[in-house]
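Working notes, structure below.
Residue numbers (this note's numbering), protein chains in the order written: chain W, 2 to 598; chain E, 2 to 598.
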């Protein structure tokens, strides 16, 4: 049975030492979050994740969800009680606006709790996670009347949320969607169509389910400019806010999937269901993007979360398992064999995972702080800059964290040898669960296109310029510190490749857009490595400072400094292969005739 | 439902045009295999795989194997009939010695049929596949008396084989094994112990199961020098060769695994079971290595096989699925959207898979021909050289083909978007099945150590010298051909990195063996890329020749030439990152204290 311990100490080091949390105390909601309070919140969340959610992970996978003849869906044993504990702890509304019952605390803290929660039980975490994303979209775009009905109940967790985009014939290409919305006399709409792959579309955890549904109002233009967003509740709220009549939105079947068995993935049938427009007609994609961007960050965090729990279990196994002798001679001659940790190739796998995990945890906080800044800063320029950087980094994190999260789950499984392939050890579940994160909320190839095709060019490249300025300022500021040299050199190399790749797109992809498409995936990973390298530089500097200030922290800080060097020596060099591939362009791949595939 | 079509035309191109099959007609068993005969054999095998085995793949996964209270195991519906068809076709004994009922045909042809079979149904193929490996070990090391009892029945497929190495506390480190063998008065041994992860350990396909079991004879030295190999049949053969008394070898349980559900993975309990020594006492590992080497090549082929069938299905989906428009403007304006094949990133994924598949198919044939030469050539020097090259390439192929086979299954799944995650499409099964190939028959980290720690140094580096000489001779021979330049340049670059890495080990790993361990995995992949690059050069030359000789082949040959360029432009550059990692050595990774993981 796998175990999980939330990395609270590492999180606190990042918040306090690397990002100097107290510098944000001017932002609404941050003021009361002294280090003690933050630690208490994280510890409380950690306890729930470790004690309640984690034990249900493997049983939930085995049992899965069951759809009944009446269209109802039962979640695995223990999920109702766990969801109640989650709701009772106030975790869903942690960062939601106090206007509707939220706690108004920093989004960054909510994201960290979600990270712990996804490590403990990814399938479970999707129920509250999607609710939080739906809350964000409703908060930003719905009318006050809709807000006052839906937000308090969703923030309290008694109602949950879903996002309904995909249809059988269209996923990425939403312009093709066929679900129709017919205006009714009372200002509502009758929604008709079929949506597939709807996570948490039907379940037994909450008294109502609030579907956010993309549909085309009769007579609206074809393509993406004729799509509107609707709230379609499972039960229509009564005037007093209690769930009333059953709406014509039902689960037609649930999918049999590779993983996340404990999350119900539904085919949703809307048969003239009553829906309420959110935001402007035909601007639904715009409104849905609020939910999608938040969900994409959430999915990125899932990649990190699985990588972390997989690492923890692989280390525990490697420590306990005695097999073979060190190449340099027995390390534990008194035992029948040495532990797996003496073998360089085992260390390679573990350190590749952890060198990602620590930097990715930092990048998560960096991005979430920008999310908080973009919404809460009193300074408009700061809000805009943070929004730029968050928008730039979201596809990078979604693509890179989920690709590496999956690869790392595979590596952690490999440490177990044959036992990694056996269900009872739980490692193969991490692999199966992690796999979906590369696909949903926009497959990673789409993230790469979003980065290269939209985010780079947006506002004249303002976001990218800001990112380059920040990293270069850091290099300059620390250049005189000789201890920092191995870290800064690595970052400089990655940054150089990233700049060359960007330049190559500017020179070669304007006239030939396939050159951008052909290099987009490599560019996303090149960007990710560079951003992670930047995080390692910041971690290294903070670790050096903490070490000299506090001798008791030396061993832990030295470990971080070693991992950072490992990252620079062994992971950063991949940027050159990415650059080489980008610079070959699209000619060869586009020259293969379609019929010859 | 996935489909499969055996790539017979591609195989024939490799056999006839790239490797000039007729040059081997002097070898025993090759004489009668004219191009027509070879094609007929491949077509007949392909039909069985496509029509009988492939339809059982997804149902076998869903149903799995069932162990009953009496220790018996039932395979999924249809497997008995399929196994009978396999046996009736004479496929198990295709390459086995005619002395005991085999057909004595080239091992290369048997390996190709196994490739098709593993594409169609990997879990099924393990039953006959392990039997073939056991036949090889018995043929090479058992006494004539044992051979005459076991070989005819195993070659006919009425009895199947297994390999019993792993115990709960030891997998890689076989020196720790505890299973005991006590000599009996009749010259047999009483075998007692528990083995785990025994593929095909118990099933209902054959009338008897022949376990090859590693055990320690009482009083034998500790460690690997005290291990002997035994035949332990499920039923003790009567004098007339029919199965007699039930032996005390039974299946205690079967494992619940990530994939290959249709293969029964057993805990085998030996409770004083009667066993018969194969080869010399205490030299069991040596004898088992015959089986392991053959099985490792077989597992490498599984990696390729899954990659091939995953590619085929991903292409079919990409062709049919209409989603989005080409970046350069609509390609099918009459349809609601273009096919996925217009998107560069989709092409990237598909071409990465196929650029591997075609070169890996070539390397498989190159290696299998060396296996045939090493056993059948009349020239001792030729036998030795082939044995050297096969021994060198076996860990490379096992490690690289199975890593890439898995990665490619993941990529093919990614092409399907959300549908790739749903069981009914079959893509997620390919991923789950492919995963085990990276683990069993020696986890891939062990292959890398075998390569770097043993195969490079063996006989003063004779094998590596031969490989370098062959590739350099090819470059020299074709250097004047300008059309070959893009291919040779890529190979030269890879070869240069491989030579630098080898030199680095010579200079840095003798005194510090951890430097070899730390770079072994990268070295294995660097070697694999170089060997695949060499294959692409040979394919390219043959394709150019075929194209000018036969205009009707031009389109297919041009596709190969394009794929070869793709490989050189986009996959070969990875060698530089591997080299950079190798050259960083072990210091950083070994300096992290074990307690800080």
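For glycine and all other residues, C-beta sits at the position ideal for the given N, C-alpha and C.
Contacts that residue i makes with chain W (C-beta to C-beta distance below 7 Å)
{"i": "residue 337 of chain E", "result": "177"}
{"i": "residue 518 of chain E", "result": "328, 344, 345, 346"}
Residue i vs residue j beta-carbon contact at 7 Å
{"i": "residue 399 of chain E", "j": "residue 301 of chain E", "result": "yes"}
{"i": "residue 231 of chain E", "j": "residue 221 of chain E", "result": "no"}
{"i": "residue 517 of chain E", "j": "residue 528 of chain E", "result": "no"}
{"i": "residue 519 of chain W", "j": "residue 418 of chain E", "result": "no"}
{"i": "residue 74 of chain W", "j": "residue 203 of chain W", "result": "yes"}
{"i": "residue 391 of chain E", "j": "residue 372 of chain E", "result": "yes"}
{"i": "residue 76 of chain W", "j": "residue 43 of chain W", "result": "no"}
{"i": "residue 97 of chain E", "j": "residue 103 of chain E", "result": "yes"}
{"i": "residue 134 of chain W", "j": "residue 311 of chain W", "result": "no"}
{"i": "residue 214 of chain W", "j": "residue 228 of chain W", "result": "no"}
Within-7 Å CB hit, residue i to chain W
{"i": "residue 257 of chain E", "result": "yes"}
{"i": "residue 55 of chain E", "result": "no"}
{"i": "residue 68 of chain E", "result": "no"}
{"i": "residue 331 of chain E", "result": "no"}
{"i": "residue 324 of chain E", "result": "yes"}
{"i": "residue 13 of chain E", "result": "no"}
{"i": "residue 437 of chain E", "result": "yes"}
8 Å Cβ cut-off: residues of chain E touching residue i
{"i": "residue 575 of chain W", "result": "578"}
Beta-carbon neighbours of residue i, restricted to chain W and to distances below 8 Å
{"i": "residue 198 of chain E", "result": "419"}
{"i": "residue 316 of chain E", "result": "598"}
{"i": "residue 522 of chain E", "result": "346, 349"}
Within-7 Å CB hit, residue i to chain E
{"i": "residue 226 of chain W", "result": "no"}
{"i": "residue 117 of chain W", "result": "no"}
{"i": "residue 360 of chain W", "result": "no"}
{"i": "residue 190 of chain W", "result": "no"}
Within chain E, the residues that residue i reaches when beta carbons sit closer than 9 Å
{"i": "residue 352 of chain W", "result": "589, 590, 593, 598"}
7 Å Cβ cut-off: residues of chain E touching residue i
{"i": "residue 571 of chain W", "result": "582, 585"}
Note down, in chain order, all residues in the stretch 156 to 177 of chain E with a beta-carbon under 9 Å from any beta-carbon belonging to chain W. 167, 170, 171, 172, 173, 174, 176, 177
Specify whether the stretch 557 to 574 of chain E and the stretch 383 to 392 of chain W touch according to this definition: at least 3 beta carbon pairs, one from each stretch, less than 8 Å apart. no
Under 8 Å, with one C-beta from each stretch per pair, do the stretch 263 to 278 of chain W and the stretch 196 to 213 of chain W reach the 3-pair mark? yes
Taking 8 Å as the threshold, find out whether the stretch 157 to 170 of chain W comes into contact with the stretch 253 to 260 of chain W through three or more Cβ pairs. no
Quick one: which residues of the stretch 439 to 456 of chain E get their C-beta closer than 9 Å to a C-beta of chain W? List them in chain order. 439, 440, 441, 444, 445, 446, 447, 449, 450, 454
Residues within the stretch 282 to 300 of chain W neighbouring chain E, beta-carbon criterion of under 7 Å: Here the close residues number zero.
Residues in the stretch 393 to 423 of chain E having any Cβ partner in chain W nearer than 7 Å: 415, 418, 419, 421, 422, 423
Closer than 8 Å, Cβ to Cβ, to anything on chain W: give me those residues from the stretch 202 to 223 of chain E, in chain order. none
At a CB distance below 7 Å, what residues from the stretch 501 to 515 of chain E approach chain W? Give them in sequence order. 514, 515
In the stretch 555 to 566 of chain W, which residues sit with their C-beta less than 9 Å from some C-beta in chain E, listed in chain order? 556, 557, 559, 560, 563, 564, 566
Check whether the stretch 315 to 322 of chain W and the stretch 360 to 374 of chain W are in contact - that is, three or more C-beta pairs closer than 8 Å. no
Assess contact between the stretch 394 to 412 of chain E and the stretch 304 to 313 of chain E, defined as three or more Cβ pairs (one per stretch) separated by less than 8 Å. Is contact present? yes
Take every Cβ of the stretch 79 to 88 of chain E, pair it with every Cβ of the stretch 562 to 570 of chain W, and state whether three or more of those distances are shorter than 8 Å. no
Residues of the stretch 424 to 435 of chain E in Cβ contact with chain W at a cutoff of 8 Å, in chain order, please. Residues of the stretch 424 to 435 of chain E with a C-beta atom less than 8 Å from some C-beta of chain W are 424, 425, 429, 432, 433, listed in chain order.
Touch check for the stretch 321 to 335 of chain E and the stretch 422 to 437 of chain E: three-plus C-beta pairs under 8 Å? no
Kindly confirm or deny that the stretch 42 to 51 of chain W and the stretch 104 to 124 of chain W touch, where touching means at least three C-beta pairs closer than 8 Å. yes
Three CB pairs or more closer than 8 Å across the stretch 337 to 344 of chain E and the stretch 32 to 39 of chain E: No: the two stretches stay apart, fewer than three of their Cβ pairs being nearer than 8 Å.
Does the count of Cβ pairs from the stretch 136 to 143 of chain W and the stretch 63 to 71 of chain W closer than 8 Å reach three? No contact exists between the stretch 136 to 143 of chain W and the stretch 63 to 71 of chain W.
Tell me, please, whether the stretch 566 to 580 of chain E touches the stretch 572 to 581 of chain W by the rule of three or more beta-carbon pairs shorter than 8 Å. yes
Kindly confirm or deny that the stretch 17 to 24 of chain E and the stretch 532 to 550 of chain E touch, where touching means at least three C-beta pairs closer than 8 Å. yes
May I ask you to verify whether the stretch 521 to 538 of chain W touches the stretch 484 to 498 of chain W, counting CB pairs closer than 8 Å and requiring at least 3? yes
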